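Have a look at the structure below, then the notes.
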Amino acid sequence: MPTDPQSALITIQAGLAQLSTLIVSYSFSAIGAVILLVLGYLVAGLAERSIYAGLGHIHGFDETLRHFFSQVVRYAILILVVIMVLGQFGVQTASIIAAIGAAGLAIGLALQGTLQNIAAGIMLLALRPFRIGENVEVGAIAGTVEEIGLFATKLRTAEGVYILAPNSTLWNQPVRNFTRNGVRRTDVTLSIG
Numbered sequence: 011m012p013t014d015p016q017s018a019l020i021t022i023q024a025g026l027a028q029l030s031t032l033i034v035s036y037s038f039s040a041i042g043a044v045i046l047l048v049l050g051y052l053v054a055g056l057a058e059r060s061i062y063a064g065l066g067h068i069h070g071f072d073e074t075l076r077h078f079f080s081q082v083v084r085y086a087i088l089i090l091v092v093i094m095v096l097g098q099f100g101v102q103t104a105s106i107i108a109a110i111g112a113a114g115l116a117i118g119l120a121l122q123g124t125l126q127n128i129a130a131g132i133m134l135l136a137l138r139p140f141r142i143g144e145n146v147e148v149g150a151i152a153g154t155v156e157e158i159g160l161f162a163t164k165l166r167t168a169e170g171v172y173i174l175a176p177n178s179t180l181w182n183q184p185v186r187n188f189t190r191n192g193v194r195r196t197d198v199t200l201s202i203g
């Protein structure tokens with residue numbers, strides 16, 4: 011520590027000069043980060059709307075899948091923008107990307123059954139082995155399809171019983187669709203005597 015006033019003043023001036031240099035350099039980084047965030051937010055919204063509208067032009071493409079895919083694109087862009095902003099401030103983004111990858115792997119393993127239902131739901135919506143209002147039998151489950159979601163499908167039996175079946179169960183078994191033929195044969199056994 012300087013003891014005389016002259017050297018103390020020089021030390022304070024040098025410290026203020028360094029501080030002003032840091033403030034200017036970080037203010038440019040902060041302004042760039044804000045611009046990047048705003049542009050990223052706008053691009054993510056535009057990409058979401060474009061994907062949603064583009065998939066809407068495909069005949070028979072499911073509304074749930076349109077919404078799902080457009081949201082995935084939006085959040086992927088937003089995550090990329092946040093990583094770019096952090097990189098602008100000197101944060102090592104490679105470690106962040108590795109952490110996101112490891113977290114994704116851990117979440118994927120923890121939610122394996124749920125992700126299997128989502129994948130099966132996407133396949134059911136894309137390939138359409140049955141549609142809403144059709145009468146189907148899948149394994150021991152039989153009824154009229156009321157809703158096909160990403161996780162599960164809602165059916166109602168002839169007796170009026172509500173069934174919520176996981177999509178992976180419906181996807182992994184043969185589907186008997188009684189509505190698509192237009193004609194249905196019923197076997198009735200009568201005993202006489």
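11 is the number of the first residue of the sequence shown in our numbering; add one for each residue after it. For every residue, glycine included, the Cβ atom is placed at its ideal position computed from N, Cα and C. Predicted model only: the values in this text are computed from it and were never measured.
- Around the beta carbon of Ala162, a 10 Å sphere encloses 16 or more other beta carbons of the protein chains shown; the residue is thus reported as buried.
- Less than 7 Å separates the beta-carbon of Ile61 from that of Val83.
- Restricting attention to alpha helix (DSSP H) runs no shorter than 4 residues, the stretch 29-61 encloses none.
- In summary, Phe99 is exposed, with fewer than 16 beta-carbon neighbours lying within 10 Å of its beta-carbon over all protein chains present.
- Taking the C-beta atoms as reference points, Leu174 is found nearer than 7 Å to Lys164.
- DSSP, read as helix, strand or coil, puts Leu115 in helix.
- In this structure, the beta-carbon distance from Leu46 to Val101 does not fall below 7 Å.
- Counting only runs of 3 or more residues that sit fully inside the stretch 136-201, the beta strand (DSSP E) segments are 145-148, 151-158, 162-166, 172-176 and 185-187, in chain order.
- Leaving aside the five residues that flank Ile142 on each side, the residues in its chain whose CB is nearer than 8 Å to its CB run, in chain order, Val155, Glu156, Glu157 and Ile158.
- For the pair Ser178 and Ala136, the CB atoms are not nearer than the 7 Å cut-off.
- In terms of Cα proximity to Phe140, the closest of Phe71, Gly123, Thr189 and Glu58 is Thr189.
- For Leu88, the enclosing alpha helix (DSSP H) covers residues Glu73 to Gln98.
- Spatial neighbours of Pro176 in its own chain (CB-CB distance under 6 Å, excluding positions within 5 residues in sequence) are listed in chain order as Asn127 and Ala162.
- Ser80 counts as buried, since at least 16 other C-beta atoms from the protein chains shown sit within 10 angstroms of its C-beta.
- Taking the C-beta atoms as reference points, Ile87 is found nearer than 7 Å to Ala54.
- Closest in alpha carbon position to Ala63, among Ala24, His77 and Ala27, is His77.
- Taking 7 Å as the cut-off, the Cβ atoms of Gln183 and Gly149 count as close.
- For Gly131, the three-state secondary structure derived from DSSP is helix.
- Shown here for Ala112: not one same chain residue has a beta carbon closer than 7 Å to its own, the five before and five after excluded.
- A distance of 7 Å or more separates the beta carbons of Glu144 and Asn191.
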